[in-house]
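Enquirer:
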Amino acid sequence: MSAVVTDHEPVAAASDDGPATVVSRWRRRFRWPHRLTVVVVAVGLLATVGLCLVSRLNYLHSERRQVSVQAELAASALGVGPVDIQRRLGRPATLAAATGDLGLFEDAIKASLPSPFASVELFKAVDGTPQPSDSLGDPPLLDASSDQMQDILGRALSSGSLALTRIATDAEQRFGYAMATTVDGETYVAYAEQVLPGNRHVQISASSPLSDLNFALYYSDTQNSDTLLETNVSEDDLPIDSGTLAHVTIPYGDQVLTGVVVPRKPLLGVFAASVAWLILGAGFILTVVMAVLTERLQRRRAIAERLASVTGELYRTQRGVAETLQTALLPKDLPRPSNLAIATRYLAGTEGIEVGGDWYDLVTLPDNRVFFTIGDVSGRGLSAATMMSRLRHSIAAYAVEGNAPATVLAKVSGIIDLARDQHFATALCGILDLGTGTVSLANAGHPPLVLVSADGAETVQAPIGPPLGVGTSYRPAQITLSSGDILLAYTDGLIERRGESIDDGIAHLCEATRRDGDLESLLDTVLATLVPHGASEDDTAILGLQWTP
Amino acid sequence: MDPVDARLTVTVGDDDGTPVIALAGELDLSTAPVADDVFTRLPEPAGEVIVDMSELTFMDSSGLTVLLMAVNRGQALRLRKPSSIIRDLIAASGLDETLPVDS
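Same order as they appear, the protein sequences are chains A and B.
For the first sequence, the residue numbers in the numbering used here are 1 to 549.
For the second sequence, the residue numbers in the numbering used here are 1001 to 1103.
(1) Alpha carbon to alpha carbon, how far is TYR346 (chain A) from GLY381 (chain A)? Give it in angstroms, no decimals.
(2) If the criterion is Cβ atoms closer than 8 Å, does the pair LEU409 (chain A) and GLY465 (chain A) meet it?
(3) Can you tell me the Cα-Cα spacing of GLY1047 (chain B) and SER389 (chain A), whole angstroms?
(4) GLY544 (chain A) touches chain B at which residues, Cβ-Cβ below 8 Å?
(5) May I have the straight-line CA-CA distance separating THR540 (chain A) from ALA308 (chain A), to the nearest angstrom?
(6) Once you ignore the five residues that flank ILE85 (chain A) on each side, which residues in its own chain have a CB closer than 8 Å to its CB?
(7) DSSP puts ASN443 (chain A) in a beta bridge; with which residues?
(8) Would you list the one or two residues that DSSP bridges to ASN339 (chain A)?
(9) Thinking C-alpha only, which one of A:HIS201, A:LEU164, A:ALA190, A:GLN150 is nearest GLU172 (chain A)?
(10) Taking just the CA atoms, how far does GLU305 (chain A) sit from GLU9 (chain A)?
(11) Can you give me the start and stop residues for the alpha helix (DSSP H) that PRO82 (chain A) sits inside?
(12) If the criterion is Cβ atoms closer than 8 Å, does the pair ARG155 (chain A) and TYR219 (chain A) meet it?
(13) For VAL460 (chain A), tell me which candidate among A:PRO447, A:ALA118, A:GLY435, A:ARG420 has the shortest Cα-Cα distance.
(14) Tell me, which residues are paired with ARG301 (chain A) by DSSP?
(15) Check the Cβ of ALA419 (chain A) against every Cβ in chain B and list those closer than 8 Å, keeping chain order.
(16) Whole angstroms are fine: how far does the CA of GLY1094 (chain B) sit from the CA of ALA384 (chain A)?
(17) Nearest CA to the CA of VAL289 (chain A): which residue from A:TRP547, A:LEU545, A:GLU537, A:LEU45?
(18) Closer than 8 Å is the cut-off here; do at least three beta carbon pairs connect the segment 1083-1094 of chain B with the segment 394-412 of chain A?
(19) For the 8 Å Cβ check, are there 3 or more pairs between the segment 505-521 of chain A and the segment 469-478 of chain A?
(20) Quick one: what's MET1059 (chain B) bridged to in DSSP?
(21) For the beta strand (DSSP E) that contains TYR398 (chain A), what are its first and last residues?
(22) Cβ of ILE1021 (chain B) less than 8 Å from any chain A Cβ?
(23) With 8 Å set as the bound, which would you pick, yes or no: does the beta-carbon of PRO467 (chain A) sit closer than that to a beta-carbon of chain B?
(24) Chain A beta carbons: is any one of them nearer than 8 Å to that of ASP1037 (chain B)?
(25) Secondary structure at ARG1041 (chain B), three-state DSSP: helix, strand or coil?
(26) Step through the CB atoms of chain B and report whether any lies within less than 8 Å of the CB of THR540 (chain A).
(27) Tell me where the beta strand (DSSP E) around ARG174 (chain A) begins and ends.
(28) Please check if any C-beta of chain B sits within less than 8 Å of the C-beta of ILE416 (chain A).
(29) Can you find at least 3 beta carbon pairs, one from the segment 1057-1077 of chain B and one from the segment 1027-1044 of chain B, that sit closer than 8 Å?
(30) Please tell me whether TYR360 (chain A) and ALA489 (chain A) are closer than 8 Å, where the distance is taken between their beta carbons.
(31) How long is the line joining the alpha carbons of GLN318 (chain A) and LEU468 (chain A), rounded to whole angstroms?
Take a look at the structure:
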């Protein structure tokens, strides 16, 4: 029986270079992973993906906040502009109004030329209509009579605060500011122009809050190439509409500027941006490692379990073989003379899995007699069973020759060589005369017969000679049975218990027997009482004879 | 330490020129080889050998086999202080003369 259990299929030693062979070899080795492994993989992947998502979301949220913060900073910086412009136009106006001296207004304005203003025009309101009054700096881009000029002057006059307009051509771009003032009852409007980058492009210094951002600034809340004021990206990359966007609105005079910003690189750093991917990668690797480990462990456990069950199988099989052999060695069909009821039992011991050396036998002799034997070869295994077989047949042969029991034992003892055979044997044999009920018997180191009569059970006293193989001199004994008496012959498995004397065991046997019911049920009772749960370390053989003349 | 050895300890000693083999523990199927080993190494025949059984708590037919094989090789064994159970076993096996008790 092949009981080798491995995890690897044997691989052919011959040349095996083709890919088809490799594939088929792999296919033979492939096994579905255990359920636990699948669970580990599922949990690992879920956890990894979950963490990765959380990390990514967290990062995006942080970056969005960062962009907003920087956009707000930039907007604030830009929002300072109109305040400054307002001061540059307003202070001189107030001064002039207070002193009634327009010349002061003009002198004060000159401080703002040529920067931030390229030109300043002064208008005087005549019947509500502004008329050009004075001109400082370069000529303005906006024509004094244009509708746009009239519009901004009108707004300045009516609001009393800074009005804004924008003049844009392909090459040039300017802001126009207008602010009204009243001097000596006369109302004047100052119009100033500021130059903006004609190509709409600016470079951002590293210290600016816009330094890590791509941005586009537009005049009013309409965002297209016409309203583009300035940007730090090339016009081909506009509009800015992807990535973590932030929109800003900057009040500028009586208009608004709007802007879009987007980070040009990870604001929080490359590492922070990659954390989610690192988690994904590390989590994936970890999951694979855990899965492989789990699979290995499961397979090893499966192998161990298989080995254990195979071992258990082998043990049971060997016991089965031993029991079969034992049964084969015992006589199958004992003779059934009239006047004699015969019953036998054999109980294998729990100790070990080897065949044992207990036996019983009965042969008929001429003149209505039977020769019975009970025996026990020491130890276990094939050598004990072999000796038992030899003894049984030798005893039967000497018995049939007509020898008395004591003589049979002496002769048989002579054929055993203890040094060679490594076993000795005990045996008890006797001749029962079925006509008269007399029994002559001899004992070679064997437990005594139990006689179960109408008065109860007691042992048959007989001299105990040495075991077979040790001595050669045996003395016979003789008893006479009454009708219905039962003789019990047995081996020491029935009466021997650790820590207990044999005599106590024999006493228990006597107590367990009673002569009501039939012979078979007597043996059952005896076995049930003395060998509870069918468990004795040693083998037990019982031969029961009931004389019924 | 082999657990079998732990259940039986065999010590060889001397009592006025007579070898004394002391058996302590349990002498059964599994521990018998240990005892057998000691008995076979006695020079044969050693004449009289005393088997000290004062510490022997159990013996079965395997132990008897060991002793009987020693007797078969020519050792004359005398048992010292066997327990009453072991004494009963020897008597029941008809071995009173083969394995006499040392008084």
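All C-beta atoms in this analysis are idealised placements derived from N, C-alpha and C, irrespective of residue type, glycine included.
Predicted model only: the values in this text are computed from it and were never measured.
Expert: Quick answer:
(1) 17 Å
(2) yes
(3) 35 Å
(4) Chain B residues near GLY544 (chain A): none, gap ~21 Å exceeds 8 Å.
(5) 30 Å
(6) PRO116, LEU162, TYR177, ALA192, GLN194, GLY253
(7) A:LEU428, A:ILE464
(8) In the DSSP output, where bridge partners are listed per residue, ASN339 (chain A) has none listed.
(9) A:HIS201
(10) The pLDDT assigned to GLU9 (chain A) is 44, lower than 50, so where the model puts this residue is not dependable; a value taken from the coordinates is nonetheless given after this. Between GLU9 (chain A) and GLU305 (chain A), the C-alpha separation is close to 18 Å.
(11) 35-99
(12) no
(13) A:PRO447
(14) According to DSSP, which records beta bridges pairwise, ARG301 (chain A) is partnered with nothing at all.
(15) MET1069, ASN1072, ARG1073
(16) 20 Å
(17) A:LEU45
(18) no
(19) no
(20) B:LEU1027
(21) Note, TYR398 (chain A): premise wrong, no beta strand (DSSP E); alpha helix (DSSP H) at 382-400.
(22) no
(23) yes
(24) no
(25) coil
(26) no
(27) 173-183
(28) no
(29) yes
(30) yes
(31) 29 Å
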